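Working notes for the structure below.
2 protein chains.
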Amino acid sequence: MAAFIFDLDGTLVDSVYQHVLAWHTALRDCGFNLSVWKIHRRIGMSGGLLMRALTRELGVADVDEAMAERLAQRHKEEYLRLLSQVQPLPGAIELLQELTRSKVKWAIATSGALETAKPALDMLQIPSDIPIITRDQVKRAKPDPDLFLRAAEKLGVDATQAMVVGDSVWDMLAARRANFLGVGILAGGYGEQELVQSGAYRVYADPQEMLQHLDELGVRDD
Amino acid sequence: MAAFIFDLDGTLVDSVYQHVLAWHTALRDCGFNLSVWKIHRRIGMSGGLLMRALTRELGVADVDEAMAERLAQRHKEEYLRLLSQVQPLPGAIELLQELTRSKVKWAIATSGALETAKPALDMLQIPSDIPIITRDQVKRAKPDPDLFLRAAEKLGVDATQAMVVGDSVWDMLAARRANFLGVGILAGGYGEQELVQSGAYRVYADPQEMLQHLDELGVRDD
Chain A
3 MAAFIFDLDG
13 TLVDSVYQHV
23 LAWHTALRDC
33 GFNLSVWKIH
43 RRIGMSGGLL
53 MRALTRELGV
63 ADVDEAMAER
73 LAQRHKEEYL
83 RLLSQVQPLP
93 GAIELLQELT
103 RSKVKWAIAT
113 SGALETAKPA
123 LDMLQIPSDI
133 PIITRDQVKR
143 AKPDPDLFLR
153 AAEKLGVDAT
163 QAMVVGDSVW
173 DMLAARRANF
183 LGVGILAGGY
193 GEQELVQSGA
203 YRVYADPQEM
213 LQHLDELGVR
223 DD
Chain B
3 MAAFIFDLDG
13 TLVDSVYQHV
23 LAWHTALRDC
33 GFNLSVWKIH
43 RRIGMSGGLL
53 MRALTRELGV
63 ADVDEAMAER
73 LAQRHKEEYL
83 RLLSQVQPLP
93 GAIELLQELT
103 RSKVKWAIAT
113 SGALETAKPA
123 LDMLQIPSDI
133 PIITRDQVKR
143 AKPDPDLFLR
153 AAEKLGVDAT
163 QAMVVGDSVW
173 DMLAARRANF
183 LGVGILAGGY
193 GEQELVQSGA
203 YRVYADPQEM
213 LQHLDELGVR
223 DD
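Chains as they are written, first to last, in our numbering: chain A, 3 to 224; chain B, 3 to 224.
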């Protein structure tokens, strides 16, 4: 394989549960009462789809643009308030360094906006020449494959030459839709079977375990 | 079936994610750095086993009694600080009321101590004659079946006449060990397959969905 495209939250950085509770607080502040696990299962999908899921689950009328903006703002404030709890997942920095050392191309593609992704990216000591694709740079976020396709383009590879590494079914679904192979990471809190069912061909606990099994993904140490 | 025995957190009350982050904070404050999803997957097991898992995961020496006490104390403080975010799961109060109305016996059995369980129990409007079994009342918590066996005893039924309703694999495991049928609830954030693999014979999203399918569990409206 020529390249890896990584999701960020729950894949490289241990931030999913803080995002979940930040959304829960934002939703409650705006009068929406959604069970926490249902938010958890939607983390990583595009904000627009999240709003549609919300209206369906709660049976409320359409969430208008002003409300969507207010929700996003409250989520951002809450998440940034919890940021001191967030850190890289075990092995994340070492995995990225090993790929660089082995001359394997890699990039990061996240459904998050640059403003909330920036602190997590800063924790990972990413070299300045690595492509970082955030929500702001594409029309549709996951499970549309736009983020991953843009990352592949920046890396100069085809989808068939790259693997998508992510913790959510939205990552795996977006990967399949554009012919990327998907690799699942359990650290976002999905069950292994959920990731396999949505297309992951290998599943690792966290970046540490993936680093120890890079041979299974075709990375040669030469 | 003669009776239902319910787990509390993640089964009747939407409190799992707050417990998870409370443990995460407590562990960090005591110098232990464990990924959040690994804590999530251990919520609902006994505190003693949680400590053993901790020492194995982190490769630290035994967690001594003073440290275990300090961790439990910090978890309790943090959880109570997050309590304003916690509420009954959809349909929880209605489900319990419907069982009472249908003259089906039920009880609650939780791995939590009375002090942290009390506020959640208060939210559920539980009649005073319902047996409530907490960690304090048995020698071993889940996945040992002591909590469920004590609950069955108080209800005056055999294990084969009662179903255990829970959100975690520890509930399902404890249920099987004592010949209870297990019913899984997704609201604690486990994947459906994880619950089925650990023995759940039916899985519902939340108490609301269970209430709508009580016929599948043999509850007759007569």
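By construction, the Cβ of each residue, glycine as well, lies at the ideal position given by its N, Cα and C atoms. As the structure is a computational prediction, the values presented were derived from the model and not from experiment.
What residue does the alpha helix (DSSP H) around residue 8 of chain A start on, and which one ends it? In the first sequence, counting from the first residue as 1, residue 8 of chain A sits at position 6. Premise fails: residue 8 of chain A lies in the beta strand (DSSP E), 5-8, not in any alpha helix (DSSP H).
Are residue 172 of chain A and residue 53 of chain A close, meaning C-beta to C-beta below 8 Å? Residue 172 of chain A sits at position 170 when you count from the first residue of the first sequence. Residue 53 of chain A sits at position 51 when you count from the first residue of the first sequence. No, Cβ-Cβ distance for residue 172 of chain A and residue 53 of chain A is not below 8 Å.
Residue 85 of chain B to residue 189 of chain A span [Cα, whole Å]: The residue given as residue 85 of chain B occupies position 83 in the second sequence. The residue given as residue 189 of chain A occupies position 187 in the first sequence. One C-alpha to the other measures close to 25 Å.
Mapping the DSSP letters down to three states, classify residue 212 of chain B as helix, strand or coil. By one-based count along the second sequence, residue 212 of chain B stands at place 210. Note: residue 212 of chain B maps to helix in three-state DSSP.
Output needed for residue 134 of chain B: all residues of its chain with C-beta closer than 6 Å, excluding positions within five of it in sequence on either side, in chain order. As a working mapping, residue 134 of chain B is identified with position 132 in the second sequence. Same-chain partners within the cutoff: 110.
Does the beta carbon of residue 170 of chain B come closer than 8 Å to any beta carbon on chain A? Counting from one through the second sequence, the residue named residue 170 of chain B turns up at place 168. No, no contact with chain A.
Can you pull the chain A neighbours of residue 77 of chain B, defined as C-beta to C-beta under 8 Å? Taking the first residue of the second sequence as position 1, residue 77 of chain B is located at position 75. The contacting residues do not exist; residue 77 of chain B stays about 14 Å from chain A at best.
Where residue 90 of chain A sits in the DSSP three-state scheme: The sequence position of residue 90 of chain A within the first sequence is 88, counting from 1. Here residue 90 of chain A sits in strand by DSSP.
Proximal chain A residues relative to residue 225 of chain B, where beta-carbon distance stays under 9 Å: No answer is possible for residue 225 of chain B: it lies beyond the span of chain B, which begins at 3 and ends at 224.
Determine the chain B residues that contact residue 16 of chain A at a beta-carbon separation under 7 Å, and present them in chain order. Within the first sequence, the letter at position 14 stands for residue 16 of chain A. Under the 7 Å cutoff, chain B gives 37, 38.
Please compile the residues from chain A whose C-beta is within a distance smaller than 8 Å of the C-beta of residue 55 of chain B. What you label residue 55 of chain B is simply residue 53 of the second sequence in a count that begins at 1. Residues of chain A with a Cβ closer than 8 Å to the Cβ of residue 55 of chain B do not exist; the shortest Cβ-Cβ separation is about 14 Å.
What does the alpha-carbon distance come out to for the pair residue 145 of chain B and residue 19 of chain A? For this step, residue 145 of chain B is matched to residue 143 along the second sequence. For this step, residue 19 of chain A is matched to residue 17 along the first sequence. C-alpha separation (whole angstroms): 25 Å.
Tell me, please, whether the CB atom of residue 22 of chain B is closer than 8 Å to any CB atom in chain A? What you label residue 22 of chain B is simply residue 20 of the second sequence in a count that begins at 1. Answer yes: the Cβ-Cβ gap between residue 22 of chain B and chain A drops below 8 Å somewhere.
Under 8 Å between C-beta atoms of residue 126 of chain B and residue 95 of chain B: In the second sequence, the residue the question calls residue 126 of chain B occupies position 124. In the second sequence, the residue the question calls residue 95 of chain B occupies position 93. Yes, they are a contact pair.
Secondary structure, alpha helix (DSSP H): runs of 4+ residues fully inside the stretch 129-163 of chain B: Positions of the alpha helix (DSSP H) runs, each at least 4 residues long and wholly inside the stretch 129-163 of chain B, are given as 148-157 in order along the chain.
Tell me whether the beta-carbon of residue 183 of chain B lies closer than 8 Å to the beta-carbon of residue 206 of chain B. Numbered from its first residue, the second sequence carries residue 183 of chain B at position 181. Numbered from its first residue, the second sequence carries residue 206 of chain B at position 204. Contact flag unset, no.
Is residue 26 of chain B close to chain A, meaning its C-beta is less than 8 Å from at least one C-beta of that chain? Counting from one through the second sequence, the residue named residue 26 of chain B turns up at place 24. Yes, contact with chain A.
As assigned by DSSP and simplified to three states, the class of residue 189 of chain B: The residue you call residue 189 of chain B lines up with position 187 of the second sequence. Of the three classes helix, strand and coil, the one that applies to residue 189 of chain B here is helix, per DSSP.
At a CB-CB cut-off below 7 Å, which residues of chain B make contact with residue 227 of chain A? In the structure as shown, chain A begins at 3 and stops at 224. Residue 227 of chain A is therefore absent and cannot be evaluated.
Backbone secondary structure at residue 204 of chain A - three-state DSSP: Locating residue 204 of chain A in the first sequence gives position 202, where the first residue counts as 1. In the structure shown, residue 204 of chain A sits in a strand (DSSP, three-state: E or B).
Looking at the secondary structure, which residues open and close the alpha helix (DSSP H) in which residue 55 of chain B lies? Residue 55 of chain B sits at position 53 when you count from the first residue of the second sequence. Element bounds for residue 55 of chain B: 49-60.
Listed by chain order, chain B residues near residue 87 of chain A by CB distance under 9 Å: In the first sequence, counting from the first residue as 1, residue 87 of chain A sits at position 85. Neighbours of residue 87 of chain A on chain B, chain order: 23, 26, 27, 30, 38.
For residue 25 of chain B, the residue or residues it bridges with in DSSP: Locating residue 25 of chain B in the second sequence gives position 23, where the first residue counts as 1. As DSSP reads the structure, residue 25 of chain B sits in no beta bridge.
At 8 Å on the CB atoms, spell out the chain A contacts of residue 208 of chain B, in chain order. Here residue 208 of chain B refers to the residue found at position 206 when the second sequence is read from its first residue. Residues of chain A whose Cβ lies closer than 8 Å to the Cβ of residue 208 of chain B are, in chain order, 37.
Look at residue 209 of chain A and residue 93 of chain A and say whether their C-beta atoms are less than 8 Å apart. For the purposes of this step, residue 209 of chain A is taken as the residue at position 207 of the first sequence. For the purposes of this step, residue 93 of chain A is taken as the residue at position 91 of the first sequence. It is a contact, given that the beta carbons lie within the stated cut-off.
Residue 97 of chain A to residue 212 of chain A span [Cα, whole Å]: Indexing the first sequence from 1 puts residue 97 of chain A at position 95. Indexing the first sequence from 1 puts residue 212 of chain A at position 210. Taking the Cα positions, residue 97 of chain A is about 8 Å away from residue 212 of chain A.
Straight-line gap, residue 228 of chain A to residue 28 of chain A (C-alpha atoms, nearest Å): As displayed, chain A neither begins before 3 nor continues past 224, which places residue 228 of chain A out of reach and without an answer.
Taking 8 Å as the CB-CB cut-off, is residue 215 of chain B touching chain A? Locating residue 215 of chain B in the second sequence gives position 213, where the first residue counts as 1. No, residue 215 of chain B does not count as interfacial toward chain A.
Do residue 5 of chain A and residue 107 of chain A have their C-beta atoms closer together than 8 Å? Position 3 of the first sequence, counting from 1, holds the residue named residue 5 of chain A. Position 105 of the first sequence, counting from 1, holds the residue named residue 107 of chain A. Note that the C-beta distance between residue 5 of chain A and residue 107 of chain A is below 8 Å.
Could you give the DSSP three-state label for residue 173 of chain B: helix, strand or coil? For the purposes of this step, residue 173 of chain B is taken as the residue at position 171 of the second sequence. Residue 173 of chain B falls in the helix class under three-state DSSP.
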